[in-house]
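> If you count the sequence shown from 1, position 42 lands on 44 in my numbering, and the numbers rise without skipping. By construction, the Cβ of each residue, glycine as well, lies at the ideal position given by its N, Cα and C atoms.
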Amino acid sequence: MTAKRLSSGGRIDRAKIIKFTWDNHELNGHPGDTLASALMANNQKIIGRSFKYHRPRGITSSGVEESGAIVTVGAGARKEANVKATTQELYHGLTANGQNAWPNVRFDFGFTANYFSRFLGAGFYYKTFMGIPPFEWGRGTQIWMFYEKYIRKAAGMGTASRQPDPDNYEHSHGFCDVAIIGSGPSGLAAASRLSDTNKDVILIEQDFELGGDYLNHDDKSEELVQILSKINKSNIRIMKRTTAFGAYDHGTLGLLERVSDHLE
Numbered sequence: 003m004t005a006k007r008l009s010s011g012g013r014i015d016r017a018k019i020i021k022f023t024w025d026n027h028e029l030n031g032h033p034g035d036t037l038a039s040a041l042m043a044n045n046q047k048i049i050g051r052s053f054k055y056h057r058p059r060g061i062t063s064s065g066v067e068e069s070g071a072i073v074t075v076g077a078g079a080r081k082e083a084n085v086k087a088t089t090q091e092l093y094h095g096l097t098a099n100g101q102n103a104w105p106n107v108r109f110d111f112g113f114t115a116n117y118f119s120r121f122l123g124a125g126f127y128y129k130t131f132m133g134i135p136p137f138e139w140g141r142g143t144q145i146w147m148f149y150e151k152y153i154r155k156a157a158g159m160g161t162a163s164r165q166p167d168p169d170n171y172e173h174s175h176g177f178c179d180v181a182i183i184g185s186g187p188s189g190l191a192a193a194s195r196l197s198d199t200n201k202d203v204i205l206i207e208q209d210f211e212l213g214g215d216y217l218n219h220d221d222k223s224e225e226l227v228q229i230l231s232k233i234n235k236s237n238i239r240i241m242k243r244t245t246a247f248g249a250y251d252h253g254t255l256g257l258l259e260r261v262s263d264h265l266e
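#1: Give the DSSP-derived three-state secondary structure of Met-159 in the structure shown.
#2: Enumerate in chain order the residues of its own chain whose CB-to-CB distance from Val-261 is below 8 Å, with the five nearest sequence positions on each side excluded.
#3: Spatial neighbours of Tyr-250 within its chain, please: CB distance less than 8 Å, with the 5 preceding and 5 following residues excluded, ordered by chain position.
#4: So, is Gln-165 buried or exposed, given that buried needs 16 or more other C-beta atoms within 10 angstroms?
#5: Excluding sequence positions up to five away, which residues of its chain have a Cβ less than 8 Å from the Cβ of Phe-137?
#6: Considering just the uninterrupted stretch of the alpha helix (DSSP H) at Ala-17, what are its terminal residues?
#7: Determine the direct distance from the alpha carbon of Glu-211 to that of Ser-163, and round the result to whole angstroms.
#8: Locate the beta strand (DSSP E) running through Ala-193, then write down its first and last residues.
#9: Rounded to whole angstroms, what's the CA-CA distance from Thr-4 to Ile-145? Just pull it up for me.
#10: Mapping DSSP to helix, strand and coil, what is Asp-110?
#11: Taking the beta strand (DSSP E) that Ile-183 belongs to, which residues open and close that run?
#12: Which residues mark the beginning and the end of the alpha helix (DSSP H) in which Ile-233 is found?
#13: Label Lys-86 either buried or exposed according to how many other C-beta atoms from any shown protein chain fall within 10 Å of its C-beta, with 16 as the threshold for buried.
#14: Alpha carbon to alpha carbon, what distance is there between Phe-22 and Lys-232?
#15: Could you work out which residue in Gln-90, Val-75, Pro-58 and Gly-78 is closest to Ala-115 when comparing CA atoms only?
#16: Give me, in chain order, the residues of the same chain whose beta-carbon lies closer than 7 Å to that of Phe-111; leave out the 5 immediate sequence neighbours on both sides.
#17: Compare the Cα-Cα distances from Phe-113 to each of Val-75, Asp-169, Ser-174 and Gly-50 and report the closest residue.
#18: Between the C-alpha atoms of Thr-245 and Val-203, what's the straight-line distance to the nearest angstrom?
#19: From this set, Asp-169, Ile-20, His-56 and Phe-177, which residue's C-alpha is nearest Gly-2's C-alpha?
#20: Using only alpha-carbon positions, find the residue among Gly-12, Glu-150, Glu-259 and Ile-61 that is nearest to Glu-172.
#21: Figure out for me which residue from Glu-67, Gln-101 and Thr-89 has the closest Cα to the Cα of Phe-53.
#22: So, with DSSP's three-state summary, where would you put Lys-151?
#23: Compute the distance between the beta-carbons of Pro-33 and Lys-47, then report whether it is under 9 Å.
Set out below in C-alpha cells:
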C-alpha cells in the first residue's frame with residue numbers, strides 16, 4: 003500500500019490483503035474497505051468525469067450522497083453501471099472501471115468539451131440541433147433523432163450489459179410493528195428501547211456493519227458494544243446490506259437486500 007494508508011484506526015483488517023482491479027490495474031485493499039477508501043489508499047485521485055464537460059471528479063463524501071465517484075463494477079453479464087464507489091464493499095477479485103471517459107478517467111479525450119463550455123450552455127442542444135445551418139435544413143423530429151444518438155453517447159454515464167442477467171432474485175413480503183431505518187446512534191437507541199417490548203421490530207442498515215456514526219468515534223466503542231449486545235440478545239430482526247428505497251401508503255416500505263454481492 004502507499005503512504006496514503008493510515009497505519010492504524012478505522013474498521014479495516016490490515017492483516018489481510020484483498021486484490022482488486024481498477025481500470026485494468028491490480029491494486030491491494032483490506033477487508034472492511036469500500037472501493038472508495040481502497041482507491042484513496044492507492045493514490046487514485048480521479049475516479050470519474052462530469053456528465054457534460056468531462057471535468058475530473060474525485061471522492062467527495064463517504065456514503066450514498068456521493069456524486070463524483072460513480073463507477074462500473076463487474077464485467078460481462080454481471081457488469082453494473084453507475085455504482086457509488088463509497089458504498090461498494092471491497093472483495094477479492096472485484097473489477098471496477100471508470101466511466102463516461104475514453105480511453106480512461108485519468109486521460110479523457112472528452113475533456114476537450116470543457117474548452118467550448120461557453121458555447122455549450124444548459125439545454126444548448128435543444129436549440130442548436132433542431133436543423134442543419136445555415137438554412138435550418140431538415141428541421142423536425144427526424145433531424146433531432148439523428149443528432150440525439152451522438153449527444154447521448156457523449157453525455158451518457160455507464161453502459162449496462164446487453165447479456166442476460168445470470169443472477170437470481172427473490173421477492174417477498176414481510177410484516178412488523180416497527181421498522182427502524184439506519185443503525186446510527188438514533189436508530190440503535192430506538193432499537194435498544196424496543197428490545198424490552200413484545201413488538202416485532204426490524205432494524206435496517208445499508209452498510210455491512212451496524213453502528214453508523216458510532217464507528218467514527220473510538221471513545222464510544224464500549225458503548226456501541228453494550229448496545230449491540232443487548233440488541234443481538236433480543237428478537238429484533240437485523241437486516242444489514244439492505245437499502246430502504248421508498249416509503250409508500252399504508253406503512254409500506256421498499257427494501258433491497260444484497261445477499262451475495264459482497265462475496266468472492
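Looking at the atomic coordinates:
#1: In the sequence shown, residue 159 corresponds to position 157, counting from 1. Met-159: coil per DSSP, three-state reduction.
#2: Against the sequence shown, residue 261 aligns to sequence position 259. The beta carbon of Val-261 is closer than 8 Å to those of Arg-243 in its chain, skipping five residues each way along the sequence.
#3: To locate residue 250, count along the sequence shown from 1; it is residue 248. Hits under 8 Å: Gly-256.
#4: Taking the first residue of the sequence shown as 1, we reach residue 165 at position 163. It is exposed - the Cβ of Gln-165 has fewer than 16 other Cβ atoms within 10 Å.
#5: In the sequence shown, counting from the first residue as 1, residue 137 sits at position 135. Note that Phe-137 has pLDDT 48, beneath the 50 cutoff, so the model's placement of it is unreliable and no number is given.
#6: Position 15 of the sequence shown, counting from 1, holds the residue named residue 17. From DSSP, Ala-17 is part of no alpha helix (DSSP H); its letter is neither H nor E.
#7: Residue 163 sits at position 161 when you count from the first residue of the sequence shown. Residue 211 sits at position 209 when you count from the first residue of the sequence shown. Rounded to the nearest angstrom, the two C-alpha atoms are 30 Å apart.
#8: Here the question's residue 193 lines up with position 191 in the sequence shown. Careful: Ala-193 lies outside any beta strand (DSSP E), inside the alpha helix (DSSP H) at 187-196.
#9: Working through the sequence shown from its first residue, we reach residue 4 at position 2. Working through the sequence shown from its first residue, we reach residue 145 at position 143. Residue placement at Thr-4 is flagged as unreliable, the pLDDT there being 49, under the threshold of 50; a coordinate-derived value is accordingly withheld.
#10: Position 108 of the sequence shown holds residue 110. Note: Asp-110 maps to strand in three-state DSSP.
#11: Counting from one through the sequence shown, the residue named residue 183 turns up at place 181. Looking at the DSSP string, the run of the beta strand (DSSP E) that includes Ile-183 is 180-183.
#12: Here residue 233 refers to the residue found at position 231 of the sequence shown. In this chain, the alpha helix (DSSP H) harbouring Ile-233 covers 223-234.
#13: For this step, residue 86 is matched to residue 84 along the sequence shown. With 16 or more Cβ atoms within 10 Å of its Cβ, Lys-86 is classed as buried.
#14: The sequence position of residue 232 within the sequence shown is 230, counting from 1. The sequence position of residue 22 within the sequence shown is 20, counting from 1. Cα to Cα, Lys-232 sits roughly 37 Å from Phe-22.
#15: Along the sequence shown, read from residue 1 onward, the residue named residue 115 stands at position 113. Distances from the alpha-carbon of Ala-115 to those of Gln-90, Val-75, Pro-58 and Gly-78 put Pro-58 closest.
#16: Working through the sequence shown from its first residue, we reach residue 111 at position 109. Taking C-beta separations shorter than 7 Å and ignoring five residues to either side along the sequence, the partners of Phe-111 in its chain run Trp-104, following chain order.
#17: By one-based count along the sequence shown, residue 113 stands at place 111. Closest by alpha carbon: Gly-50.
#18: On the sequence shown, residue 245 is found 243 positions in, with the first residue counted as 1. On the sequence shown, residue 203 is found 201 positions in, with the first residue counted as 1. About 16 Å.
#19: Examination of residue 2 is not possible in this model, given that the chain is present from 3 through 266 alone.
#20: Along the sequence shown, one-based indexing puts residue 172 at 170. When only C-alpha atoms are compared, the closest one is Glu-259.
#21: Looking up residue 53 in the sequence shown gives position 51. Taking the Cα of Phe-53 as reference, the smallest distance to any Cα among Glu-67, Gln-101 and Thr-89 is reached at Gln-101.
#22: Taking the sequence shown and counting its residues from 1, one reaches residue 151 at position 149. Residue state, collapsed to three classes: helix.
#23: Along the sequence shown, one-based indexing puts residue 33 at 31. Along the sequence shown, one-based indexing puts residue 47 at 45. It is not a contact, given that the beta carbons lie outside the stated cut-off.
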